[in-house]
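One structure is given below, encoded as structure tokens.
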Ligand code: E4P
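Residue numbers (the numbering used here): 2 to 221.
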């Protein structure tokens, strides 16, 4: 399973990279706006900066909701770096754009996916990634993890190449559940990734080992 970080924050991306397990980055318009980036040129520079840090796919989302606008934006984004993946929402024009871009060799991440039907269409259109939003489904009393299971089952059954990228991850437990459900990629906030490291028995074990060592071997 690949680990992506879900942020446009340069420091957090660098910290996740320093762990040695980072495979890529996802962003969205809300995440880039959090970084206080003003102006399209600065946003494009920001994407290039991220691509220079991470050796892996970096998702950058289109703002247009019509086919021509999406294609123009997608070509601009894809020209920034070979690792750019263009994020396109699963609407009618988005589906057409994914098919068009796939045929042109541009990688896509089909976003805002909340149903197996949407995921099926994304795979048929040849999306590189499909992003079911786990947390947002949980927020409305639906079951985000169940959706990941169901998409994984369908994709496995038909042998689709589209990678299942579980998004809208809110907790460390979500990462584990997505791994169990068969996600190819999980994109998470840094805090959820770091949570995987935590166990009180690891902390108390280290404490005891150090005490024992210092009381004997390490004694001066
Ligand atoms: C993926 O990149 C999605 O845009 C992102 O995970 C959405 O997360 P949110 O539901 O926490 O905004």
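Glycine included, every Cβ here is placed at the ideal spot set by N, Cα and C.
These numbers were taken from a predicted model, which means no experiment stands behind them.
Of 173, 207 and 141, the smallest CA-CA separation from residue 192 is found for 173.
Counting along the chain, residue 53 sits inside the alpha helix (DSSP H) bounded by residues 41–54. If you draw a straight line from the Cα of residue 10 to the Cα of residue 132, it is about 20 Å long. Contact between residue 75 and residue 98 holds, since their C-beta atoms are separated by about 7 Å, short of 8 Å. Just measuring C-alpha positions, the residue of 197, 170, 64 and 210 sitting nearest residue 7 is 170.
By DSSP's assignment, residue 174 forms no beta bridge with any residue. Under the three-state reduction of DSSP output, residue 62 falls in the strand class. Under a 10 Å Cβ-count criterion, residue 62 is classified as buried, with 16 or more other Cβ atoms of the shown protein chains found around its own Cβ.
Shortest Cα-Cα distance from residue 106 to any of 208, 87 and 35 involves 87.
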